Structures are given as structure tokens and as C-alpha cells.
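Colleague: Numbering-wise (our numbering), the sequence shown opens with residue 1 and increments by one. Just so it is clear, CB atoms sit at the ideal spot from N, CA and C, and this is done for glycine as well. Everything numeric in this text was worked out from a predicted model, so none of it was measured. Dropping the structure in here first, questions after.
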Amino acid sequence: MTDILIIGAGVAGMAAAEHLSAAGYSPRLVDNAARPGGRCATRRIAADRDADWFDYGAQYFTVRDDGFRALVDADLKAGRLARWSPAIASAEQVAGTWLLTPSPDDRERLIGPRGLNVWVRERLAAGGFDIATERRVERAVADQNGWRIDYSNGEHDRADVVIFTPPAVQTAALLGPRAADIPALADAGAALAACHSVVVRAPALPERQAIFFKSGRLSWVADNTHKAGRDGDRHLWTLHADAEFSDAHVDTPTAELADELIAEFAAATAQRAADMEIVRTHRWRYARPGRGAPDADDLCWTHTAAGLAIAGDWLAGGRVEGAWLSGRDAARHLIAAYALG
Ligand SMILES: Cc1cc2nc3c(=O)[nH]c(=O)nc-3n(C[C@H](O)[C@H](O)[C@H](O)COP(=O)(O)OP(=O)(O)OC[C@H]3O[C@@H](n4cnc5c(N)ncnc54)[C@H](O)[C@@H]3O)c2cc1C
1 MTDILIIGAG VAGMAAAEHL SAAGYSPRLV DNAARPGGRC ATRRIAADRD ADWFDYGAQY
61 FTVRDDGFRA LVDADLKAGR LARWSPAIAS AEQVAGTWLL TPSPDDRERL IGPRGLNVWV
121 RERLAAGGFD IATERRVERA VADQNGWRID YSNGEHDRAD VVIFTPPAVQ TAALLGPRAA
181 DIPALADAGA ALAACHSVVV RAPALPERQA IFFKSGRLSW VADNTHKAGR DGDRHLWTLH
241 ADAEFSDAHV DTPTAELADE LIAEFAAATA QRAADMEIVR THRWRYARPG RGAPDADDLC
301 WTHTAAGLAI AGDWLAGGRV EGAWLSGRDA ARHLIAAYAL G
């Protein structure tokens with residue numbers, strides 16, 4: 001049986017694992033984080049299972065592809081996903097004054113009822129996959145017998161086939177000099193743009209639960225407490241800085257930018273920044289598609305004879321759905337090449 005190692009247990013890794021498993025393989029996954037999920041990142045504010053939670057990476061996702069639709073429908077039925085229908089506003093600063101206008105749409109927004117991270121982890125657990133967390137790959141080198149994997153703790157591993165799903169820069173680093181021959185990695189540094197994320201406890205806004213920003217430093221804010229279907233005067237809000245601001249301050253720790261971002265949220269919503277308390281800050285170096293993202297036509301990059309596949313949202317237009325399509329297609333290419341499907 002072909003031994004397949006998937007580097008990264010985010011949505012792309014999950015989709016690849018599920019499709020390979022359905023075709024009879026037993027792929028293994030490794031991830032350097034403490035838990036699977038990648039940029040589908042959720043935290044609870046306390047250890048108990050019922051504690052309030054917030055998504056500080058992906059906020060929700062949408063569906064276009066029929067295959068992904070089938071998965072989403074099954075997960076809605078199973079209670080692993082839920083629909084979220086916030087009252088959305090759009091915020092714009094005009095001549096120094098913030099204008100908030102309702103921005104309703106009929107888009108279906110999918111969330112995890114306990115956060116998007118829990119959705120990924122529940123799917124991976126249901127698949128019964130062999131997943132090693134806190135396991136950082138340092139380098140993957142192909143030789144006559146397949147792949148040698150070097151871990152940061154000094155251990156080594158082997159596999160016949162490796163699927164890389166980290167962001168482009170990190171995948172290029174793992175492949176070393178070999179990355180120079182891979183067109184998809186040609187502009188790896190610009191494939192994904194940064195995003196500073198701040199979570200605050202702030203008053204609930206009864207008439208709006210999410211805001212798209214058209215100007216200023218923020219791009220999006222959302223009320224996690226509403227997502228969770230909970231009440232209370234003070235809610236957990238995620239604030240995302242926009243791509244231009246985040247890239248301009250990519251080397252600044254988010255904690256140093258938090259006051260600026262909170263002040264903008266407060267000003268746009270006519271609140272007092274003093275009423276907002278920071279719960280978490282996080283700098284995503286590689287968040288959403290950047291100016292160097294490859295053309296999304298191919299969805300993934302594979303060299304099946306070499307036992308090599310590269311997948312991830314950045315190859316497929318970004319977003320959770322893009323990551324899933326990319327992982328699925330990488331698996332399909334390998335299954336077709338090894339005739340196990
Ligand atoms: C702030 C923010 C907001 C977003 N908002 C949305 C949204 O609203 N809607 C939407 O659809 N999408 C959104 N996205 C994008 C969405 O989160 C991603 O498209 C998707 O989660 C990417 O999945 P992936 O599997 O391709 O990559 P990742 O989730 O990044 O998974 C890669 C995995 O590889 C692991 N890894 C990396 N290097 C190594 C190594 N050396 N060894 C071992 N493991 C390694 C990482 O730990 C990670 O788990 C957002 C992202 C961010 C950051």
C-alpha cells in the first residue's frame with residue numbers, strides 16, 4: 001500500500017485525506033500546531049466545553065461547487081455546520097465621518113456551531129485518521145526510495161507520496177532548492193497577504209452583527225456571541241485589519257496595533273474604545289489571497305511520478321471552499337495516477 005503523508009491538517013489536508021481514504025488509502029497527517037484546523041481557528045475563553053468562543057481566522061464560508069455542497073448538506077443535517085444570518089452593515093468614512101448603512105444580502109453563510117475549528121476537527125475525528133500534531137516538518141527531500149521527512153525535533157520519517165498543504169512560502173521552504181522548478185511556487189512570497197486579527201469583548205450591537213469596512217484600517221468585524229446564538233450585554237467581536245494595513249505593518253506585533261484597530265471600530269459604531277477589552281491578538285502572516293496568488297484554474301499542483309502534490313487555498317482562489325477543492329483535486333490526481341480509485 002502506498003504510504004501517503006499529508007503535511008498540514010487544515011481544510012485542504014482534510015479534503016485530501018477524506019478522498020484518499022474513500023479510495024482505499026490510509027493517509028497520515030502531520031501538523032505543527034497543537035490542534036488540526038489551520039486557519040479555521042477558534043478559541044474558547046475558558047477550558048470548559050460550554051465556554052464562549054470566537055473564530056479569529058476564517059469567519060464563515062460559502063459554497064458554489066456541487067461536491068462541496070453535498071458535504072455541507074450532510075454536515076448541516078448532522079449538526080456539524082449551521083447557517084449564520086447576521087444583520088450586516090457596510091462602513092465608510094466620508095469627510096471624517098463614519099457612515100454605516102445596512103448591507104443585506106441573501107448569501108448563505110456557513111459556520112461551525114462551536115466554531116469553524118471544531119468543524120474541521122470533528123470531520124477528521126470521524127475519518128479516524130492518524131494525525132500527529134505539534135510535529136513540525138523541517139524539510140522533505142525526495143530520493144530513490146521516495147521521500148525522507150526531517151522533523152524539527154530531529155526525528156525522521158519516510159513516505160512514498162507527500163502532499164504539501166501549508167501556505168506557499170512555507171511549502172517552498174520545506175521543498176528547498178526543488179521549489180525553484182515548481183511554477184506554482186514562482187511568487188510564493190506574494191501568494192497570500194497578511195491579516196492582523198484582534199478579538200475584543202465589547203457591547204452587543206442589537207441592530208448589526210457584522211460590518212464590512214470600505215475604508216480605513218479594518219476590513220471586517222463580526223459578533224461571535226451572536227454566531228453562537230448566545231445573549232448578554234457584552235459580546236466577543238473579531239476585528240480584522242484590511243490587507244493594505246496588515247501588509248504595511250506585517251512585522252509589527254498585533255498587540256501594538258490593537259488600540260488603533262479598536263479605536264476605529266469604536267468610532268465607526270459610535271462607541272467608546274474604553275468599553276472594549278482585548279481578549280486576543282493574532283498576526284496571520286499568510287491569510288487571504290495576495291497579489292502573487294497563482295491562477296486558480298488548476299486548483300492544485302501535482303507531479304504524480306515523483307509522488308508530489310501541492311494543495312491549499314492559495315492555489316484555488318482562497319477561502320475555505322478553495323482549500324477543500326484544492327485538497328480534493330490533489331487526491332483525485334494521485335488516485336487516478338496510482339489507479340486505486
Ligand atoms: C484572518 C482570516 C480570515 C479569513 N476569513 C475567511 C472567511 O471568512 N471565509 C473563508 O472562506 N475563508 C476565510 N479565510 C481563509 C481560510 O481560513 C483558508 O482559505 C483555509 O482555512 C485554508 O486552508 P488550508 O488547508 O489551505 O491552509 P491552512 O489552514 O493554513 O492549513 C495548513 C496547515 O499546515 C500546517 N503547517 C504549516 N507548516 C507546517 C510544517 N512545517 N509542518 C507541519 N505542519 C505545517 C499549519 O499548522 C496548518 O494547520 C480567512 C483566513 C484568515 C487567516
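#1: Measuring CB to CB, does F164 end up less than 9 angstroms from I310?
#2: Where DSSP assigns a beta bridge to R280, which residues make up the other side?
#3: Below 8 angstroms on the Cβ atoms is my guess for A188 versus V169; work out the distance and round it to an integer in Å.
#4: Which stretch, first to last residue, makes up the alpha helix (DSSP H) that contains D66?
#5: Shortest alpha-carbon distance to P177 belongs to which of R139, D150, R148?
#6: So does the stretch 46-53 actually touch the stretch 64-79, counting three or more Cβ pairs closer than 8 angstroms?
#7: State the Cα-Cα distance for the pair E108 and T62, rounded to the nearest angstrom.
#8: Taking 8 angstroms as the cut-off, is the CB of P36 close to at least one heavy atom of ligand 1?
#9: On the DSSP bridge list, what partners appear for Q93?
#10: Is there at least one non-hydrogen atom of ligand 1 closer than 8 angstroms to the beta-carbon of P167?
#11: Identify the residues that DSSP records as bridge partners of Y25: which are they?
#12: What is the C-beta distance between A132 and W147, in whole angstroms, given that I count them as a contact (C-beta under 8 angstroms)?
#13: So is the beta-carbon of E155 under 8 angstroms away from any non-hydrogen atom of ligand 1?
#14: Leaving out the 5 sequence neighbours to the left and right, which residues in its chain are closer than 6 angstroms to D3 when beta-carbon positions are compared?
#15: Please name the residue, chosen from I88, A17, W119, that lies closest to D223 on a Cα-to-Cα basis.
#16: Tell me which residue opens and which closes the alpha helix (DSSP H) that D329 is part of.
#17: In whole angstroms, give me the CA-to-CA distance for A15 and I45.
#18: Since T101 and S90 should fall inside the 8 angstroms C-beta cutoff, what is the C-beta to C-beta distance between them, to a whole number of angstroms?
#19: Can you name the start and end residues of the alpha helix (DSSP H) that R384 belongs to?
#20: What's the gap between the Cα of F245 and the Cα of R217?
#21: CA-CA distance, D275 and P203?
#22: With a Cβ-Cβ cutoff of 9 angstroms, do V199 and T252 count as a contact?
#23: Would you mind working out which of G8, G327, A17 sits nearest A33, comparing C-alpha positions?
#24: Does the distance between the C-beta of C300 and the nearest non-hydrogen atom of ligand 1 fall short of 8 angstroms?
#25: Where do the ends of the beta strand (DSSP E) carrying T238 lie?
#26: Roughly how many angstroms separate the alpha carbons of G10 and T281, rounded to a whole number?
#27: Rounded to the nearest angstrom, how far is the Cβ of A268 from that of W98, given a contact under 8 angstroms?
#28: Quick check on G229: buried or exposed, where buried means 16 or more other Cβ atoms within 10 Å of its Cβ?
#29: How is the beta strand (DSSP E) around T42 delimited, first residue to last?
#30: Where does L110 fall in DSSP's three states?
#31: If we call anything under 9 angstroms between Cβ atoms a contact, is W324 one with A58?
#32: Alpha carbons only, please: which of V279, I278, I262 is nearest the one belonging to Q271?
#33: Measuring alpha carbon to alpha carbon, tell me which residue in L205, E122, A296 is nearest H235.
Modeller: If we stick to the structure as given:
#1: yes
#2: V199
#3: 5 angstroms
#4: 66-78
#5: R139
#6: no
#7: 6 angstroms
#8: yes
#9: W98
#10: yes
#11: Answer is none; Y25 lacks a bridge partner.
#12: Not really, about 16 angstroms apart at Cβ, beyond 8 angstroms.
#13: no
#14: A159, D160
#15: I88
#16: 319-338
#17: 29 angstroms
#18: 6 angstroms
#19: Limits of the chain in this structure are 1 at one end and 341 at the other, which puts residue 384 out of reach.
#20: 6 angstroms
#21: 7 angstroms
#22: no
#23: G8
#24: no
#25: 234-241
#26: 21 angstroms
#27: 4 angstroms
#28: exposed
#29: 42-44
#30: strand
#31: no
#32: I262
#33: L205
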